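Undergrad: Take this structure first; my questions come after.
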Amino acid sequence: MAADPECLDVGLAAMVCKELTLMTEEETRLRESVVQMGVLMSEEEVFELVPDDERQCSACRTTCFLSALTCSCNPERLVCLYHPTDLCPCPMQKKCLRYRYPLEDLPSLLYGVKVRAQSYDTWVSRVTEALSANFNHKKDLIELRVMLEDAEDRKYPENDLFRKLRDAVKEAETCASVAQLLLSKKQKHRQSPDCGRTRTKLTVEELKAFVQQLFSLPCVISQARQVKNLLDDVEEFHERAQEAMMDETPDSSKLQMLIDMGSSLYVELPELSRLKQELQQARWLDEVRLTLSDPQQVTLDVMKKLIDSGVGLAPHHAVEKAMAELQELLTVSERWEEKAKVCLQARPRHSVASLESIVNEAKNIPAFLPNVLSLKEALQKAREWTAKVEAIQSGTNYAYLEQLENLSAKGRPIPVRLDALPQVESQVAAARAWRERTGRTFLKKNSSHTLLQVLSPRTDIGIYGSGKNRRKKVKELIEKEKEKDLDLEPLSDLEEGLEETRDTAMVVAVFKEREQKEIEAMHSLRAANLAKMTMVDRIEEVKFCICRKTASGFMLQCELCKDWFHNSCVPLPKSSSQKKGSSWQAKEVKFLCPLCMRSRRPRLETILSLLVSLQKLPVRLPEGEALQCLTERAMSWQDRARQALATDELSSALAKLSVLSQRMVEQAAREKTEKIISAELQKAAANPDLQGHLPSFQQSAFNRVVSSVSSSPRQTMDYDDEETDSDEDIRETYGYDMKDTASVKSSSSLEPNLFCDEEIPIKSEEVVTHMWTAPSFCAEHAYSSASKSCSQGSSTPRKQPRKSPLVPRSLEPPVLELSPGAKAQLEELMMIGDLLEVSLDETQHIWRILQATHPPSEDRFLHIMEDDSMEEKPLKIKGKDSSEKKRKRKLEKVEQLFGEGKQKSKELKKMDKPKKKKLKLSAEKSKELNKLAKKLAKEEERKKKKEKAAAAKVELVKENTEKKRERKVLDIPSKYDWSGAEESDDENAVCAAQNCQRPCKDKVDWVQCDGGCDEWFHQVCVGVSPEMAENEDYICINCAKKQGPDSPGQAPASSFIMSYKIPVEDLKETS
1 MAADPECLDV GLAAMVCKEL TLMTEEETRL RESVVQMGVL MSEEEVFELV PDDERQCSAC
61 RTTCFLSALT CSCNPERLVC LYHPTDLCPC PMQKKCLRYR YPLEDLPSLL YGVKVRAQSY
121 DTWVSRVTEA LSANFNHKKD LIELRVMLED AEDRKYPEND LFRKLRDAVK EAETCASVAQ
181 LLLSKKQKHR QSPDCGRTRT KLTVEELKAF VQQLFSLPCV ISQARQVKNL LDDVEEFHER
241 AQEAMMDETP DSSKLQMLID MGSSLYVELP ELSRLKQELQ QARWLDEVRL TLSDPQQVTL
301 DVMKKLIDSG VGLAPHHAVE KAMAELQELL TVSERWEEKA KVCLQARPRH SVASLESIVN
361 EAKNIPAFLP NVLSLKEALQ KAREWTAKVE AIQSGTNYAY LEQLENLSAK GRPIPVRLDA
421 LPQVESQVAA ARAWRERTGR TFLKKNSSHT LLQVLSPRTD IGIYGSGKNR RKKVKELIEK
481 EKEKDLDLEP LSDLEEGLEE TRDTAMVVAV FKEREQKEIE AMHSLRAANL AKMTMVDRIE
541 EVKFCICRKT ASGFMLQCEL CKDWFHNSCV PLPKSSSQKK GSSWQAKEVK FLCPLCMRSR
601 RPRLETILSL LVSLQKLPVR LPEGEALQCL TERAMSWQDR ARQALATDEL SSALAKLSVL
661 SQRMVEQAAR EKTEKIISAE LQKAAANPDL QGHLPSFQQS AFNRVVSSVS SSPRQTMDYD
721 DEETDSDEDI RETYGYDMKD TASVKSSSSL EPNLFCDEEI PIKSEEVVTH MWTAPSFCAE
781 HAYSSASKSC SQGSSTPRKQ PRKSPLVPRS LEPPVLELSP GAKAQLEELM MIGDLLEVSL
841 DETQHIWRIL QATHPPSEDR FLHIMEDDSM EEKPLKIKGK DSSEKKRKRK LEKVEQLFGE
901 GKQKSKELKK MDKPKKKKLK LSAEKSKELN KLAKKLAKEE ERKKKKEKAA AAKVELVKEN
961 TEKKRERKVL DIPSKYDWSG AEESDDENAV CAAQNCQRPC KDKVDWVQCD GGCDEWFHQV
1021 CVGVSPEMAE NEDYICINCA KKQGPDSPGQ APASSFIMSY KIPVEDLKET S
């Protein structure tokens, strides 16, 4: 027990302490006596480990614990220190003292037991002192907790003092936890005020009672001071809230601060809800004051929202006053807004004065009124617009159309009555109408050029391509010239130059500069294009045409730029006097490419009427100024041309051409009359019912022919025509379908007007077409042939062929001989005249003279030969591209038509010789005569009352005639559709031609070869007209090769072109 005093009871420890003191004194005395008796050896031994019967004193049988004495003679025997002599007779030096604790350890054991016995008394005195201490000397809760734990650990008796201490500690701990919880909730509530709404808060009275309880505890807790501060804050909040609620006008910032303060306190505050109400009122008043301070923000919607939000507030005299003011302002604003809206939507528009009065009256309203502001803005725009109009009208020059259009576009939506607007709109409408009229006069259908580009000098000379590529090249060209410091305006026409330049003199200067550059560029282009033909050895490398490809097939040369063009890439040339349904008058062909001839080129009289209309317009147009410059340029050129033509040399040349023209007119009229009379007589002779009326019929036919010949109009080359050179116009003019480009008709068989307005009405059916197959062949002009003998006739409709197609024909002198200076002057005038987008008679006069000065063999058309071996190979290939067929068919027709001009010139040279020709009629005349014959027959039958019998005879005669004429074709369709020919299974759908076109139509016309093979061919596949099939022999190309070029009456063996006489009227019918 002494070794573990803490486990001893307090009373037992006191008893043990008393006994242990006595035992320690006795043990010390006994050990000293044994030592004095002579015992020298000692040894410590744990006696509690030795069984009790082995550690009993042999003398007194007492169990030894603290000490014992043993001897080496008998180790198992021992005696206590009270009987040292009873152990054995051995001397004392041999005996050994055995002990449990050393003597120095016994005091410490005594001290432990003594402390255990005295600690309770000390604890009692400390607890009594702590529980009875005053406020300033109170112990901390931790000290009381230590005392209680000490008592529990030492197992002090649970008396009243012990229980009192334990109750005091428990109460203090409970108050400390409540205070800590209150303070922690206060912090959380301060961070998030909403978290305390679902929990029960302490009231102010409860908080005061809790503070009193904390300060009445027998100990001190750390949270007591903080809880006391919380109570102080609550009391301060109460005082300040009462002051704030007494203010006349609530202060939102002050109220917000109090609400934040009260929200941070985890205490139930009755003033907090009222403070929140007053805060809403204060914020609403602040919003009203802030909104009214800036009138631009006071819209009708904002005022309505403020009124709606103010209705839900608690009653307050400041709020009610502000609500009344807002309502009054809203009513006034709505009234003025409605009035302004009516003015903006009024029809007709209100005047400026009436609108200004409304704006001035509404100006004092402190609110944002959109309609009033729109009205004010409209007035400002109206003033500015009127000022601009007055400035333009008071200027020295008229305004441009673009300016008036902008003014009209800006003035039209202004909701104010503008007195000058109708006048401006009328001027704009008149200017637009003039521009549209001018565009219809100049521009072709679907033209890619604008009217201003057409009226202005060209800046894209030498630039090929279409659309974006051309525009890109024009821009690049302009940039290059800028780099060379050429001072070129960044334009491809005068458009921007005219818009930027308001001075008329500057406009004229710009036009003159462009005009000079255009002439220089055309000179350069003509020289470059003429140089191409010198590169014969490298002709496959030279690029021609608008497609910029090498030469191939049939090509035409532009008379202005001198470049060569594929007949499949450009529209074929045609006379402007050729109208739809009219006969094809004999005129020359002057080809201008689409790049050089950009417009319809109206006559000067038409342009002058446009200029007269332009002068009446109080508007300036860039197109109008360009047209004026163009007209001045054209008239200047006309004066120069007239002066040149008035010279002696050119006057005599024109006189010579006039004599030749008269001869050609007379000869052509005579031949035409003879042909028509013969054809009518032949037709009447074939009808037995008309034998009795033949003399009168003959006279009628002769009168008709003479009338038609004498009444033929004198027409000139006039480009002021509604027709254009587009494919659509060609199709409409010649009546062929674009699906079959082989039916394109050209005007190559036309002859020129020889002098001024005289025209030679020679039908193209009188011309024998002969196409040369040399690499370059030429179509002779009529003037070169008219200088020779005109008496030679033709016994057959086919011209005598040349012995060899590759031998060039002998050179013949031109009709006229001019001096080099005069000729150069005319060529320069001709080039400048062709640059003008105006039709002038002097252009044709100069053209006729220049053509008469050219030798007959001069090349005007180019024909690139193809390999003969291609003819020998079979050409029936499935799925052959239809576009290639169309191109070849078009080439064949064009070559045949252009060849007629050359052949005709030869015939005109032998005009004086007697001429034998087969009688034939055009399809149109044949139909007319048929109608006349039927009419006469009906009249005869009506007189003789034998209508049925006569009709039967007429039918019988017709049938017999058809049987006799094996190759006679009654009708040929005007248009062909080969869309389904390739899929046709009919063996008769394919003819013997190598390139059969397989026409599929209700009526297909055939012709049989008379050269020996007796093969049948489609007329459309071999280019034979119905009249040729009736009146002439047809020899296919294979038979022509077998017979050889020397066979009489046979055409030369061309590689792919055969010689046929194809009248133009027949081509119209076969198309």
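Okay, so the sequence shown: first residue is 1 according to full-length UniProt numbering, each after it adds one.
Ideal Cβ placement from N, Cα and C applies to all residues, glycine included.
Keep in mind it's a predicted model, so treat the numbers as computed, not measured.
So, are the CB atoms of residue 367 and residue 401 less than 9 Å apart?
TA: No, they are not a contact pair.
Undergrad: My assumption, with CB atoms under 8 Å, is that residue 1040 sits in contact with residue 1017. Please give the rounded CB distance.
TA: That belief does not hold up - the Cβ atoms of residue 1040 and residue 1017 are roughly 13 Å apart, past 8 Å.
Undergrad: Counting along the chain, where does the alpha helix (DSSP H) carrying residue 323 start and finish?
TA: Here the alpha helix (DSSP H) through residue 323 covers 317-344.
Undergrad: Leaving aside the five residues before and after residue 1077 along the sequence, list all residues of the same chain whose C-beta is less than 8 Å from its C-beta, in chain order.
TA: No information on residue 1077 is available, as it lies outside the stretch 1 to 1071 that the chain covers here.
Undergrad: Keeping to the same chain, check which residues put their C-beta closer than 8 Å to that of residue 267; ignore five residues upstream and five downstream.
TA: Same-chain partners within the cutoff: 201, 202, 203, 204, 207, 230 and 234.
Undergrad: The alpha helix (DSSP H) with residue 230 in it runs from where to where?
TA: First-last of the alpha helix (DSSP H) with residue 230: 224-245.
Undergrad: What's the call for residue 529, buried or exposed, on a 16-neighbour Cβ count within 10 Å?
TA: It is buried - the Cβ of residue 529 has at least 16 other Cβ atoms within 10 Å.
Undergrad: Here's the rule: buried if 16 or more other CB atoms are within 10 angstroms of the residue's CB, otherwise exposed. What is residue 90?
TA: Under this definition residue 90 is an exposed residue.
Undergrad: Does residue 67 come out as helix, strand or coil in the three-state DSSP assignment?
TA: Residue 67 falls in the strand class under three-state DSSP.
Undergrad: Is it right to say residue 624 is buried, meaning 16 or more other beta carbons lie within 10 angstroms of its own, or is it exposed?
TA: That one is buried.
Undergrad: At the level of alpha carbons, what is the spacing between residue 620 and residue 446?
TA: Each residue's Cα considered, the two are about 26 Å apart.
Undergrad: Pull up the CB-CB distance for residue 87 and residue 77, whole angstroms please, since I reckon it's below 8 Å.
TA: 7 Å between Cβ atoms; contact.
Undergrad: Which same chain residues end up closer than 8 Å to residue 123 when comparing Cβ atoms and leaving out the 5 residues on each side of it in sequence?
TA: So the qualifying residues of the chain are 147, 150, 151, 154 and 156.
Undergrad: Can you list, in chain order, the residues of its chain whose CB lies under 7 Å from that of residue 713, leaving out five sequence neighbours each side?
TA: At residue 713 the pLDDT is 37, less than 50, meaning the model places this residue with poor confidence; the figure from the coordinates comes in the next sentence. Within the same chain, residue 713 has no close Cβ partners at all.
Undergrad: For residue 164, I'd like the list of residues in its chain whose CB is within less than 7 Å of its CB, leaving aside the five on either flank, ordered along the chain.
TA: Closer than 7 Å at Cβ, skipping near neighbours: 131.
Undergrad: Considering only residues of the same chain and omitting the five flanking positions on each side of residue 145, which have a CB-CB separation below 6 Å?
TA: Excluding sequence neighbours, residue 145 sits near 169.
Undergrad: Starting from the C-beta of residue 59, find all residues in its chain whose C-beta is less than 7 Å away, skip the five residues before and the five after it, and write them out in chain order.
TA: These residues qualify, in order along the chain: 79, 83 and 86.
Undergrad: What is the DSSP secondary structure of residue 95, counted as helix, strand or coil?
TA: DSSP places residue 95 in strand when its eight states are reduced to three.
Undergrad: Could you say if the segment 317-328 and the segment 278-288 meet the contact criterion of at least three C-beta pairs nearer than 8 Å?
TA: Yes, the segment 317-328 touches the segment 278-288.
Undergrad: Spatial neighbours of residue 630 within its chain, please: CB distance less than 6 Å, with the 5 preceding and 5 following residues excluded, ordered by chain position.
TA: Closer than 6 Å at the Cβ level, and outside the excluded window around residue 630, lie 455.
Undergrad: Counting Cβ pairs closer than 8 Å, one from the segment 332-349 and one from the segment 308-315, do we hit at least three?
TA: Because the criterion of three Cβ pairs below 8 Å is not met, the segment 332-349 and the segment 308-315 do not touch.
Undergrad: Quick check for students: name the residue ranges of the alpha helix (DSSP H) that lie wholly in the segment 272-311, counting only runs of 4 or more.
TA: Runs found: 300-311.
Undergrad: Could you give the distance in angstroms between the alpha-carbon of residue 289 and the alpha-carbon of residue 340?
TA: Taking the straight line from one Cα to the other gives about 27 Å.
Undergrad: So the candidates are 524, 527 and 550; which of them puts its Cα closest to the Cα of residue 536?
TA: Measuring from the Cα of residue 536, the nearest candidate turns out to be 550.
Undergrad: Out of 644, 353 and 392, point me to the one whose CA is closest to residue 379's CA.
TA: The shortest C-alpha separation from residue 379 is found at 353.
Undergrad: Between which two residues does the alpha helix (DSSP H) harbouring residue 350 extend?
TA: It is not in any alpha helix (DSSP H) - residue 350 carries neither H nor E in the DSSP assignment.
Undergrad: Any chance the segment 416-435 sits against the segment 381-397, with 3 or more Cβ pairs inside 8 Å?
TA: Short answer: they touch.
Undergrad: When you compare each of 595, 664, 837 and 852 to residue 1088 by their alpha carbons, which one comes out closest?
TA: Residue 1088 cannot be examined here, being either before or after the span of the chain that is shown, 1 to 1071.
Undergrad: In three-state DSSP terms, what is residue 1008?
TA: Reduced to three states, the DSSP call for residue 1008 is strand.
Undergrad: Would residue 644 be called buried (16 or more neighbouring beta carbons within 10 Å of its own) or exposed?
TA: Label assigned to residue 644: buried.
Undergrad: Roughly how many angstroms separate the alpha carbons of residue 348 and residue 384, rounded to a whole number?
TA: Cα-Cα distance, rounded: 21 Å.
Undergrad: Pick helix, strand or coil for residue 18, following the three-state DSSP scheme.
TA: Of the three classes helix, strand and coil, the one that applies to residue 18 here is helix, per DSSP.
Undergrad: With distance defined between alpha-carbon atoms, name the residue in 261, 246, 93 and 636 nearest to residue 232.
TA: Ranking the options by Cα distance to residue 232, first place goes to 261.
Undergrad: What residues in its chain sit with their C-beta under 8 Å from that of residue 110, if we drop five residues either side in the sequence?
TA: 2, 17, 20, 21 and 24, listed in sequence order.
Undergrad: Between residue 332 and the rest of its own chain, which residues show a CB-CB distance below 7 Å, the 5 nearest in sequence each way excluded?
TA: Excluding positions up to five away in sequence, the list reads 365.
Undergrad: When the Cα of residue 1075 is compared with those of 1011, 572 and 65, which residue comes out closest?
TA: Absent from the structure is residue 1075, since the part of the chain shown begins at 1 and ends at 1071.
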